[in-house]
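Asks: Heads up, the sequence shown is in numbering that gives the first Met the number 0, so the first residue is 0 and it goes up one at a time.
For each residue, glycine too, the CB sits at the ideal point set by N, CA and C.
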Amino acid sequence: MAEPSRTSEARRDAVFGRWVIFSPARSRRPTDLKSHGSANPSPGPGDGAPKPSCPFCHGRESECAPEIFRVPAPEASSPWRIRVIENLFPALRRDAEPPAPEEGEKPVGAGECSVRGFGFHDVVIETPRHEVRLWDLDAEGVGDVLLAYARRVQQLAEHPAVKYVQEGLRGGLGSVEHAIIPVLPDHPGGEQRGGGQPFAHGLRQALCEIQSKDILVSETHNFSAIVPFAASYPFETWIIPRQHSSYFHEIDQDKVLDLGSLLRSVLQKLCKQLNDPPFNYVIHGALFGLSSSCLPYTHWFLQIVPQLSVTGGFEMGSGCYINPVFPEDAAKILREVDCSI
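(1) Could you have a look at Val216 and say whether DSSP puts it in helix, strand or coil?
(2) Using only alpha-carbon positions, find the residue among Glu249, Pro233, Arg150, Ser264 that is nearest to Glu218.
(3) Just to confirm, is the Cβ distance from Phe119 to Leu91 under 9 Å?
(4) Closer than 8 Å by C-beta to Arg334: which residues in its own chain qualify, once you throw out the five before and the five after it? Chain order, please.
(5) Checking 9 Å against the spacing of the C-beta atoms, do Leu146 and Ile238 come in under that value?
(6) For Leu273 and Phe313, which I take to be in contact (beta-carbon distance under 8 Å), what is that distance rounded to the nearest angstrom?
(7) State the DSSP-derived secondary structure class of His243, mapped to helix, strand or coil.
(8) For Ala9, decide whether its Cβ has a neighbour in chain B, counting only Cβ atoms nearer than 9 Å.
(9) Hey, could you find the ends of the beta strand (DSSP E) Ser113 is sitting in?
(10) Going by Cα to Cα distance, which pick from Cys293, Pro227, Pro323 is closest to Leu301?
(11) Go through the stretch 121-170 residue by residue and report every complete run of the alpha helix (DSSP H) that reaches 4 residues or more, in order.
(12) Using the beta-carbon count (16 or more within 10 Å), is Gly316 buried or exposed?
(13) From Phe325 to Ala285, what distance separates their C-alpha atoms?
(14) Please report the residue range of the alpha helix (DSSP H) in which Ala329 lies.
(15) If the criterion is Cβ atoms closer than 9 Å, does the pair Pro323 and Phe21 meet it?
(16) For Gln272, report the span of its alpha helix (DSSP H) as first-last.
(17) Inspect the beta-carbon positions of Pro97 and Ile84 and report whether they are closer than 9 Å.
(18) Name the one or two DSSP bridge partners that Pro305 has.
(19) Have a look at Gly194 and Ile332 and give me their C-alpha separation to the nearest angstrom.
(20) Give the DSSP bridge partners of Arg11, in chain order.
(21) How would you call Phe222, buried or exposed, if buried means at least 16 neighbouring beta carbons within 10 angstroms?
(22) Identify which residue in Arg150, Val141, Ala138, Ala95 has its Cα closest to the Cα of Ala160.
(23) To the nearest whole angstrom, what separates the beta carbons of Cys319 and Arg17, a pair I think is in contact under 8 Å?
(24) What are the boundary residues of the beta strand (DSSP E) that includes Phe234?
(25) In or out: Lys268 buried (at least 16 other Cβ within 10 Å) or exposed?
(26) For the beta strand (DSSP E) that contains Phe68, what are its first and last residues?
(27) Can you tell me whether DSSP reads Ser77 as helix, strand or coil?
(28) Using a threshold of 9 Å, state whether the C-beta atoms of Ala149 and Phe247 are closer than that.
(29) Does the Cβ of Ala229 lie closer than 8 Å to at least one heavy atom of the ligand SAH?
(30) Does the distance from the C-beta atom of Thr297 to that of Leu289 stay below 9 Å?
(31) Could you pull out every residue in the same chain whose Cβ sits closer than 8 Å to the Cβ of Trp299, ignoring the five residues on either side in sequence?
(32) Of the residues Asp275, Gly58, Arg93, Asp253, which one's Cα is nearest the Cα of Ala138?
(33) For Ala72, count neighbouring Cβ atoms within 10 angstroms of its own Cβ and tell me buried if that reaches 16, exposed if not.
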């Protein structure tokens, strides 16, 4: 018997403030949605030698930009497992003069402005072996990578000119880039400019939706993985702290192990179900220096986006995304993926 067709539906994402059209008629069954490209360019362990062109692998440290820190520290007897380095081709310059607080944005024309391109653009090398992907590590190894993010964010938070840090990963490239920008992003920082209430409302709404279990993928004592109610992309997944927390870099050792375990599980599910697609993930959080009265209205979360579709003219022209998979269907599929075999 053929599966009943579902009616298209438009939903508004309360966190990013954008509309999403769910149009299942634009694709085959949700379980048939796979990455159309070749598998992730980083082969799994044992699938081959590290790519000779990779400058991040062990033994090629001298070819990289200056190192910020490594794990374990240089004085340790064991070789490094994680390195944080400067970016050879940074989008922003750490040696530029930071804009003075009173300088603000410089008007250029009607509604236009500019600001000096000061900022930090770093790279986190999560493993000394190019062929080892993040989800190939054990939960403790993933947790150590997350702790490296948190340590670098904490360092940057102490810089008086840095107001926001965004951490993001492009899966398959063997590196994680941190882009620290001198202006506030449109989302979620844009919502925080107005006191953060829409941002908080969206996160609380998403957390409340978990009670129905329809959009829940998996959960631990400290974190929940969900496909958000108005996911912009097919199989987009968020990992959200179950207890209120504004800043990712304040995570402790116990919680980071829990987060590492859940992140590893979610990435393995996406890899197995979707034919090992390239993906991005981004850690969103609160702006630095918010008053204590604003912090209850902010919440950090980790957004994972498998690259399964291309943004088209409709999205660019309207700002409205089209997703061929309802979140409830994507969550159900991911819940049922068994990565133990």
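Replies: Considering the structure as presented:
(1) Working through the sequence shown from its first residue, we reach residue 216 at position 217. Residue state, collapsed to three classes: strand.
(2) Your numbering for residue 218 matches position 219 in the sequence shown. Out of Glu249, Pro233, Arg150, Ser264, Ser264 has the C-alpha closest to the C-alpha of Glu218.
(3) The residue given as residue 119 occupies position 120 in the sequence shown. The residue given as residue 91 occupies position 92 in the sequence shown. Against a cut-off of 9 Å, the Cβ pair of Leu91 and Phe119 comes out as a contact.
(4) For this step, residue 334 is matched to residue 335 along the sequence shown. So the qualifying residues of the chain are Leu215, Val216, Ser217.
(5) Against the sequence shown, residue 146 aligns to sequence position 147. Against the sequence shown, residue 238 aligns to sequence position 239. In this structure, Ile238 does not lie closer than 9 Å to Leu146 by Cβ.
(6) Position 274 of the sequence shown, counting from 1, holds the residue named residue 273. Position 314 of the sequence shown, counting from 1, holds the residue named residue 313. Not confirmed; about 23 Å, so no contact.
(7) As a working note, residue 243 is residue 244 in the sequence shown. His243 falls in the coil class under three-state DSSP.
(8) Protein chain content of the structure displayed is limited to a single chain, and chain B is not contained in it.
(9) Counting from 1 along the sequence shown, the entry for residue 113 is found at position 114. Per DSSP, Ser113 belongs to the beta strand (DSSP E) from 111-113.
(10) For the purposes of this step, residue 301 is taken as the residue at position 302 of the sequence shown. For Leu301, the nearest C-alpha among the options comes from Pro227.
(11) 138-156
(12) The residue you call residue 316 lines up with position 317 of the sequence shown. The residue is exposed, with fewer than 16 neighbouring Cβ atoms inside 10 Å.
(13) Residue mapping note: residue 325 aligns to position 326 of the sequence shown, counting from 1. Residue mapping note: residue 285 aligns to position 286 of the sequence shown, counting from 1. Going by the C-alpha atoms only, they are around 29 Å apart.
(14) Counting from 1 along the sequence shown, the entry for residue 329 is found at position 330. First-last of the alpha helix (DSSP H) with Ala329: 326-335.
(15) Working through the sequence shown from its first residue, we reach residue 323 at position 324. Working through the sequence shown from its first residue, we reach residue 21 at position 22. Going by C-beta atoms, Pro323 is nearer than 9 Å to Phe21.
(16) Counted from its first residue, the sequence shown places residue 272 at position 273. Its alpha helix (DSSP H) spans residues 252-272.
(17) As a position in the sequence shown, residue 97 is number 98, starting the count at 1. As a position in the sequence shown, residue 84 is number 85, starting the count at 1. No; because the gap between Cβ atoms is not below 9 Å, this pair is not in contact.
(18) For the purposes of this step, residue 305 is taken as residue 306 along the sequence shown, with counting starting at 1. DSSP lists Phe278 as partners of Pro305.
(19) By one-based count along the sequence shown, residue 194 stands at place 195. By one-based count along the sequence shown, residue 332 stands at place 333. Legend: pLDDT at Gly194 = 40, less than 50; position of this residue unreliable, no value from coordinates given.
(20) Walking along the sequence shown from the start, residue 11 turns up at place 12. Beta-bridge pairing links Arg11 to Trp18.
(21) Your numbering for residue 222 matches position 223 in the sequence shown. Classification for Phe222: buried.
(22) Taking the sequence shown and counting its residues from 1, one reaches residue 160 at position 161. Of Arg150, Val141, Ala138, Ala95, the residue nearest in Cα terms is Ala95.
(23) The residue you call residue 319 lines up with position 320 of the sequence shown. The residue you call residue 17 lines up with position 18 of the sequence shown. At roughly 7 Å, the Cβ-Cβ gap stays under 8 Å, so Cys319 and Arg17 are in contact.
(24) For the purposes of this step, residue 234 is taken as residue 235 along the sequence shown, with counting starting at 1. Unbroken run through Phe234: none, as it is neither H nor E.
(25) Reading the sequence shown from its first residue, position 269 is the one you call residue 268. Buried is the call here.
(26) Within the sequence shown, residue 68 is the residue found at index 69, counting from 1. Where Phe68 is concerned, the enclosing beta strand (DSSP E) stretches over 66-70.
(27) Counting from one through the sequence shown, the residue named residue 77 turns up at place 78. Coil, per DSSP.
(28) The residue labelled residue 149 in the question sits at position 150 within the sequence shown. The residue labelled residue 247 in the question sits at position 248 within the sequence shown. Yes. Within cutoff.
(29) Inclusion of the ligand SAH in the displayed structure is not the case, the ligand content being empty and no account of it being possible.
(30) By one-based count along the sequence shown, residue 297 stands at place 298. By one-based count along the sequence shown, residue 289 stands at place 290. In contact: Thr297 and Leu289 (Cβ atoms closer than 9 Å).
(31) The residue labelled residue 299 in the question sits at position 300 within the sequence shown. Excluding sequence neighbours, Trp299 sits near Pro240, Ser244, Ser245, Tyr246, Phe247, Ile282, His283, Gly284, Ala285.
(32) Residue 138 sits at position 139 when you count from the first residue of the sequence shown. The candidate whose alpha carbon is nearest that of Ala138 is Asp253.
(33) In the sequence shown, residue 72 corresponds to position 73, counting from 1. Exposed, by the Cβ-count rule.
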